[in-house]
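S.K.: If you scroll down you'll find the structure; I have some questions about it.
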Amino acid sequence: MLESMGSLTGSPWIYAVVALSVLLDVFLPVLPSGVLVITAATAAAAGSTAGAAGTAAVAGAAGQVPREVPSLLVLVLCAATASVLGDLVAYRLAWRGGDRLDRAIARSRRLTRAQERLGTALSRGGGALVVIARFAPAGRSVVSLGAGAAHRKVKDFLPWSALAGIAWAGYAVGLGWFGGQWLGASWIGAAVSVLALFGAGSLAAYVMRRPAPAPAPTV
């Protein structure tokens, strides 16, 4: 798998592809943005391992320049920034959606429940649900659209969206890096890292499905 993507992960275009994929998967959750981030990070781990083993000497003997590998920091920044921008686009579209979007949300029990829980969380000054939803399949879409449709204040939503983007990007890049370091830069290392990402997503989805706690009685 990594060999087939070698030309992409060794090019600066990998950052643009990662950013575009993360930006759009708020509308198309089927996009493999997490897999792409992990693959790029695994390629970075492969490059660092090869460098430690003496890539320069091999390249010198072959008369070639070593292939560039993605920067972990730039990967995290690209993925996190694109995540926040995508959240804001969905939020603004839902804010302006009008009655049609309101009716669509009302017909979806999942969207209605997420909207109610998000409103409660943000009104209490906590937005951990936004962070958790970033890891769940389609959870990012549900929360961003729900916040916009409910006309939640952007100052309440944006900081949690930024935290969610950084947490998700850091986790995905970390999985790819450590998977490549510990298991080798092969399809096995990437596959284990992707399974760990899906495991976190399943746990986040379970937490989101749990009923919201009942409000404390007022005295």
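The numbering of the sequence shown is my numbering, which starts it at 9 and goes up by one. Glycine residues also receive a C-beta, built at the ideal position from the N, C-alpha and C atoms. Since we're looking at a predicted model, the values are computed, not measured.
Near serine 79, what residues of its chain come up, given a Cβ to Cβ distance below 8 Å and the 5 sequence neighbours on each side ignored?
M.R.: Excluding positions up to five away in sequence, the list reads Ala52.
S.K.: Taking 8 Å as the cut-off, does the stretch 22 to 39 touch the stretch 86 to 94 (at least 3 CB pairs, one atom from each stretch)?
M.R.: Touching, per the Cβ criterion.
S.K.: Helix, strand or coil: how does DSSP classify valine 30 here?
M.R.: In the structure shown, valine 30 sits in a helix (DSSP, three-state: H, G or I).
S.K.: Within the same chain, show all residues whose beta-carbon is closer than 7 Å to that of leucine 39, passing over the 5 residues directly before and after it, in chain order.
M.R.: So the qualifying residues of the chain are Ser29, Leu32 and Asp33.
S.K.: Taking just the CA atoms, how far does alanine 198 sit from glycine 182?
M.R.: So the alpha carbons of these two residues sit roughly 12 Å apart.
S.K.: Count the other CB atoms within 10 Å of the CB of glycine 207; is the residue buried (16 or more) or exposed (fewer)?
M.R.: With fewer than 16 other Cβ atoms within 10 Å, it is exposed.
S.K.: Under a three-way DSSP split, which group does phenylalanine 35 fall into?
M.R.: Phenylalanine 35: coil per DSSP, three-state reduction.
S.K.: Round the Cβ separation of alanine 88 and glycine 173 to the nearest angstrom and send it over; I've been treating them as touching at under 8 Å.
M.R.: Correct: roughly 4 Å between the Cβ atoms.
S.K.: Assuming the contact rule is C-beta atoms closer than 8 Å, alanine 54 and glycine 178 should be a hit. Round their C-beta distance to whole Å, please.
M.R.: In fact, because the Cβ distance is near 20 Å, the residues do not count as touching under 8 Å.
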